Amino acid sequence: MISIYQKIRMSLVVVAYLLVSIFLNGLVQKPGLINPRYGVVVMTRFEANNPFARRVLVPLLTNAAHSVLPESLKQKIETRLGGIADEGDIRKHHDSYKPGRFEAMRGYWSIVAVAFGFNILMLFCFFLALRRFIGALYAPPPLAEDWLPLSAILFLPLYWGYSVFVYDYAALFLFTLGLSLLAERKMLWFYILLPIALLNKEPAVLLPLVFAATFFGKNDARKYTRHLILQGAICAVVLGTLVFIFRNNPGRVAEWHLARNIAFATDISTYFQFAAIGPCPLFPRGLPFIWPLGPNVIFWLPVLGLIALGWKKAPRFLKKMLPTIIIPLALLIFFLGYIDEIRASLEALPVIIALALSPFMKMRAVGTESVDIGR
429 MISIYQKIRM
439 SLVVVAYLLV
449 SIFLNGLVQK
459 PGLINPRYGV
469 VVMTRFEANN
479 PFARRVLVPL
489 LTNAAHSVLP
499 ESLKQKIETR
509 LGGIADEGDI
519 RKHHDSYKPG
529 RFEAMRGYWS
539 IVAVAFGFNI
549 LMLFCFFLAL
559 RRFIGALYAP
569 PPLAEDWLPL
579 SAILFLPLYW
589 GYSVFVYDYA
599 ALFLFTLGLS
609 LLAERKMLWF
619 YILLPIALLN
629 KEPAVLLPLV
639 FAATFFGKND
649 ARKYTRHLIL
659 QGAICAVVLG
669 TLVFIFRNNP
679 GRVAEWHLAR
689 NIAFATDIST
699 YFQFAAIGPC
709 PLFPRGLPFI
719 WPLGPNVIFW
729 LPVLGLIALG
739 WKKAPRFLKK
749 MLPTIIIPLA
759 LLIFFLGYID
769 EIRASLEALP
779 VIIALALSPF
789 MKMRAVGTES
799 VDIGR
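Residues in the sequence shown are numbered consecutively from 429, following the numbering used here.
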């Protein structure tokens with residue numbers, strides 16, 4: 429039975445996670461609203477370019493939630509958000525890229541509000557999933573288990589150098605939850621989650637790779653093979669269906685950026701990027717506060733040091749996850765993404781955080797080192 433103390437403790441955690449999620453979303457300067465290739469407007473109309481068009485989960489949820497809002501409320505949101513956008517330097521900041529682009533937002537602010545609400549919800553759920561992930565791997569004291577997930581606050585601003593896409597925080601949440609379910613060997617829930625995660629973003633295909641790596645050679649071969657075949661079939665069906673549905677949208681199956689990335693990789697300034705907080709919902713005129721961006725070595729070297737310090741004692745399950753996720757993501761980003769746009773590697777963040785905590789954690793005695801796949 430849950431005690432009063434546990435209820436109060438969890439209530440405080442929920443409130444804290446929610447407030448932090450609202451605050452962090454309020455600091456996003458590039459919410460990807462009206463970009464004609466991947467903005468919220470074209471995403472929710474399913475007219476975005478490929479490969480963005482295929483990331484349909486949050487646009488579907490946004491449209492469903494928006495459809496039940498009263499028209500009077502939609503109009504109030506439209507008036508209020510349109511006015512906020514005109515305040516401070518927000519409109520001027522965005523119009524500096526393309527004059528008059530905010531005019532395209534007229535009539536769509538209520539859609540944006542709903543999408544923004546889902547961003548807050550998904551970030552909130554990520555903190556809960558990260559709490560669960562840490563608890564599945566380690567045996568931290570209750571207060572540490574509650575508040576350590578907020579260490580992600582230190583990492584998330586590094587991913588804001590480019591637009592925050594409508595599906596980014598959903599990907600972070602779903603992938604973290606998928607890793608937790610694998611760590612707990614709750615395979616039924618994992619199979620429910622996998623197609624949902626694939627509807628949100630293609631890198632969810634890494635979850636079966638994590639399964640393959642972490643359970644290889646330590647279970648009944650036939651059971652292991654059946655799991656692999658089933659997961660592969662789910663990935664092929666979901667992603668193949670999405671490719672077929674959006675085959676006539678502009679763009680390509682993937683974008684090729686190798687030449688650009690070679691230039692950036694050989695430029696030393698790529699690894700020392702900083703930026704101030706520009707105009708954002710909480711601070712329409714921006715803030716002079718400076719934070720590191722992207723592959724900033726001043727930030728990442730201490731993190732790598734913590735991972736190296738705790739590597740020996742970290743759970744084997746967790747150590748197998750890291751290369752299985754990092755290597756494919758690094759290759760995909762180098763050829764198909766931007767190497768300084770590390771938001772494309774958000775799926776690796778829960779594993780990085782968990783490994784960075786390992787020097788301070790006591791490993792759970794039972795659970796993560798068990799080899800049975802489970803039900």
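In this text, a Cβ means the ideal position worked out from N, Cα and C, and glycines have one as well.
All values reported here derive from a predicted model rather than from experimental measurement.
Contact belief for residue i with residue j at Cβ below 8 Å, rounded distance in angstroms
i, j, result
"L734", "P787", "6 Å"
"N628", "V486", "7 Å"
"G679", "P464", "The pair is not a contact, with the Cβ atoms about 11 Å apart (cut-off 8 Å)."
"N689", "Y590", "That pair is no contact at about 14 Å."
"F674", "R482", "5 Å"
"P577", "L558", "4 Å"
"Y597", "L551", "5 Å"
"P623", "V666", "5 Å"
"A782", "I562", "6 Å"
"P723", "I770", "6 Å"
Alpha carbon of residue i to alpha carbon of residue j, nearest angstrom
i, j, result
"P459", "R650", "46 Å"
"A567", "I696", "41 Å"
"L777", "L600", "8 Å"
"T796", "F745", "In this prediction, T796 scores a pLDDT of 42, lower than 50, which makes its location untrustworthy; no coordinate-derived value is stated."
"K614", "I620", "10 Å"
"V764", "L757", "Strictly speaking, residue 764 in this sequence is Leu, with Val absent from that position. Going by the C-alpha atoms only, they are around 10 Å apart."
"V799", "F643", "Reliability of the predicted coordinates at V799 is poor, the pLDDT of 49 falling under 50, and the value obtained from them is presented with this limitation in mind. One C-alpha to the other measures close to 7 Å."
"A664", "R437", "43 Å"
"Q701", "V592", "18 Å"
"E843", "S773", "With the chain represented from 429 up to 803, any question about residue 843 goes unanswered, as that position is not in the structure."
"Y466", "A444", "31 Å"
Closest residue to residue i among the options (Cα-Cα distance)
i, options, result
"E612", "R473, P631, L565", "L565"
"L670", "P712, L578, F544, A625", "A625"
"I780", "A580, F674, T698, V540", "A580"
"P605", "L656, G706, V638", "In the sequence as displayed, the identity of residue 605 is Leu instead of Pro. The residue with the shortest Cα to Cα distance from L605 is V638."
"W588", "W739, L721, T507", "L721"
"L584", "L785, P751, S449, I755", "S449"
"A641", "Y652, Y433, K741", "Y652"
"K435", "M749, F546, D574, Q659", "D574"
"G535", "E475, V441, N477, I462", "I462"
"A506", "L489, W728, E475, A541", "It is worth fixing the name first, because residue 506 is Glu in this sequence and not Ala. When each option's Cα is compared against that of E506, the closest is A541."
"A572", "W728, I718, V441", "V441"
"I657", "P636, K646, D648", "P636"
"L549", "V496, L489, E499", "L489"
"V725", "E475, G668, L586, S431", "L586"
Spatial neighbours of residue i in its chain, beta-carbon cut-off 7 Å, leaving aside the 5 residues before and after
i, result
"W617", "L609"
"F692", "T698, I767, D768"
"F554", "Y597, L600, F601, T604"
"W728", "none"
Proximal residues to residue i (C-beta, below 8 Å), its chain only, five neighbours per side dropped
i, result
"L710", "F451, G454, L455"
"L804", "Any question about residue 804 goes unanswered here, given that the chain covers just 429 to 803."
The ligand MN heavy atom lying under 7 Å from the CB of residue i
i, result
"L576", "Absence of the ligand MN is noted for the structure shown, with no ligands found whatsoever."
Neighbourhood of residue i by C-beta distance below 6 Å, restricted to the same chain and skipping five residues each side
i, result
"I539", "T472, H494"
"V594", "V468, M471, V486, A543"
"V794", "Since pLDDT at V794 reaches only 42, below the 50 mark, its modelled position is unreliable, and no value is offered."
"G714", "I705, G706, P707"
"G738", "S786, P787"
"D632", "Looking at the sequence itself, residue 632 is Ala, so the reference to Asp does not match. Closer than 6 Å at the Cβ level, and outside the excluded window around A632, lie A625, L626."
"I754", "A776"
"L760", "none"
Range covered by the beta strand (DSSP E) that runs through residue i
i, result
"W719", "715-720"
"F554", "Taken as a continuous stretch (DSSP letters only), F554 belongs to no beta strand (DSSP E), being part of the alpha helix (DSSP H) at 537-565."
Run of the alpha helix (DSSP H) containing residue i, from where it starts to where it stops
i, result
"F763", "744-764"
"F702", "Per DSSP, F702 belongs to no alpha helix (DSSP H); it is in the beta strand (DSSP E), 702-705."
"P623", "615-628"
"T642", "634-642"
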